[in-house]
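Note sheet for the following structure.
Residue numbers (the UniProt record's numbering): 1 to 528.
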């Protein structure tokens, strides 16, 4: 084994815990950024170009007939071939967390459709399933088995949010282990079937699974319910006859109690197990070699590389398999408090350079090694310090294909974790639900000032009653910063005054003057 430090750049929040690495034709691609993709790279998929111990990120593209693939953290991911000996392959992506911390239950197929020296184009297709569809989850694994000339995917483990009926205000966003069911997925017919095996009693997440032919080996993993790391080695065998599949499980001796470990393949039958944690406060610096021959599995301790002082003394570390026997490792930098994105990165090569040219085996590996958000699980597995950072201003400005974060526009139009005003205190790492209608993201309301912009209802001091009233009524809302301005710009409606005819004053009637003779004549007639 050889350990080589990679010159990286810091002070970037683009890459965060839960990312995945995909290997297409020897090229390593990054997938699963924490925030929503920006305009310069709307796919959220980047080519990791490491030359002369320097890292560059180049955006990848999707074909026009592709579906939208959100950036998913902690998904289950594995390689799929049309048959066991086929050269062409694609990746299956299931589950994971979106940037809004929503859990996905969708399955995507991702394949490379064209490649040039300047541009990589992928195709992404969403698959619909029927039957016992797995619930939304993360921290699980998926593999493909081959039996009797047929192929089928196997999904196991992971975590999900507490069911709505069991949630409380104090533990609204808490997570639980998924049931230890084994799901068989037939992508040809789009159906899914779950199996409950008596040997699998506890739910597991952040475990390692290795598939070979018709057998899957499940190693390690963490159980939230018992707060333990399983020492068992499970052997799950899938037989695919003409009728219904047959699924059996057995417990083998010689397992390793570890979580968040990384597995990379170095030959057709050999794998190397690196990293992970023995317990909540104990990092695992020992490496193991896993040998699969026929129906036997052997796990032995192997020689570890000369770990640097940074790796030995750090409390947390993370990594991901790059393919072909190489692993990308990262540890927090010494100035973590001053620079949250400061990390040191290494490439661990588990086989010699002369072996790198060997043909890639059909054996598949699926492991969950990235950690989660604080509070979801153990301090090590779920630390936000597990971060792979890349600063845009350190990229080669002469390379037109290099991702440049400075070219981006503000993504606050669609993000929930924005700074909506000067007094905004909504933070993705510390936020808890404030309204009864909130679940995984804060409630927002559109301010109608100008072109419109979104603000957090909590930052606007809106009561829950008022928020519900505004959401139901078809009225315009103006935030605290624009409500006075809006009032000043409003023009009172012109009132049409009705013209009234002026009233004429009443004229007094003039008294009639009578002569004396006339008066006498009037009186005479009156008394006659």
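Ideal Cβ positions, reconstructed from N, Cα and C, are used throughout, including at glycine. Quantities reported herein were computed from a predicted structural model and do not represent experimental measurements.
The C-alpha of residue 220 lies about 11 Å from the C-alpha of residue 157. Per DSSP, residue 59 is one residue of the beta strand (DSSP E) stretching across 54-59.
The alpha carbon of residue 1 has as its nearest neighbour, out of 464, 350, 178, 470, the alpha carbon of 350. The residue from 206, 5, 192 with its alpha-carbon nearest to that of residue 245 is 192.
Under DSSP, residue 5 forms a beta bridge with 346. In the structure shown, the three-state DSSP call for residue 90 is strand.
Burial state of residue 313 is exposed, judged by a 10 Å Cβ sphere holding fewer than 16 other Cβ atoms. As the crow flies, the alpha-carbon of residue 16 is around 14 Å from that of residue 100. The Cβ neighbour count for residue 261, taken over all protein chains shown within 10 Å, is at least 16; the residue is labelled buried.
Look at the segment 92-152 and you find these whole runs of beta strand (DSSP E), each 3 residues long or longer: 107-115, 120-127, 141-147. Between the segment 122-130 and the segment 146-163 there are fewer than three inter-stretch CB-CB distances shorter than 8 Å, so the stretches are not counted as touching. Comparing C-alpha distances from residue 98 to each of 172, 167, 36, 453 shows the shortest one belongs to 36. Between residue 161 and residue 96, the gap from beta carbon to beta carbon reaches 8 Å or more. When rounded, the separation of the alpha-carbon atoms in residue 265 and residue 471 is 54 Å.
The three-state reading of DSSP puts residue 525 in helix, counting H, G and I together. If the five residues before and after residue 462 are omitted, its C-beta is found closer than 8 Å to the C-beta atoms of 445, 470, all from its own chain and listed in chain order. In terms of CA proximity to residue 185, 80 leads the group 205, 112, 251, 80.
Residues of the same chain with a CB within less than 7 Å of the CB of residue 106, apart from the 5 flanking positions on each side, are 126 in chain order. Annotation: the continuous alpha helix (DSSP H) that includes residue 310 extends over 309-313. Residue 291 counts as exposed, since fewer than 16 other C-beta atoms from the protein chains shown sit within 10 angstroms of its C-beta. Comparing alpha carbon positions, the residue from 418, 279, 113 closest to residue 65 is 113. As the crow flies, the alpha-carbon of residue 319 is around 18 Å from that of residue 280. With a threshold of 16 other beta carbon atoms within 10 Å, residue 323 meets it and is buried. For the alpha helix (DSSP H) assignment, the segment 240-302 encloses no uninterrupted run of at least 4 residues. Considered as a whole, the UniProt domain "Recombination activating protein 2 PHD" (415-492) harbours 464-472, 483-489 as its complete alpha helix (DSSP H) runs of no fewer than 4 residues, in chain order. The beta carbon of residue 155 is closer than 7 Å to those of 76, 94, 134, 140, 142, 183, 185 in its chain, skipping five residues each way along the sequence. One thing to note: residue 29 has its Cβ no nearer than 8 Å to the Cβ of residue 55. Each of 104, 102, 109 was checked against the Cα of residue 91, and the nearest Cα belongs to 109. If you compare the alpha carbons of 214, 278, 254 with that of residue 222, the shortest gap goes to 278. Within the same chain, and ignoring the five residues on either side of residue 434 in sequence, the residues whose Cβ sits closer than 6 Å to its Cβ are 458. For the segment 168-255, the continuous beta strand (DSSP E) assignments of 3+ residues that do not extend past its boundaries occur at 175-177, 181-186, 191-196, 208-212, 215-219, 233-239, 246-252, in sequence order. In the same chain as residue 194, and ignoring 5 residues on each side of it, the C-beta atoms closer than 6 Å to its own belong to 132, 181, 183, in chain order.
Looking at the DSSP output, residue 49 shares a beta bridge with 56. With contacts defined as CB atoms closer than 8 Å, residue 204 and residue 249 fail to qualify as a contacting pair. Remark: C-beta atoms of residue 436 and residue 464 approach each other more closely than 8 Å. Where residue 19 is concerned, there is no enclosing beta strand (DSSP E), because DSSP gives it neither an H nor an E.
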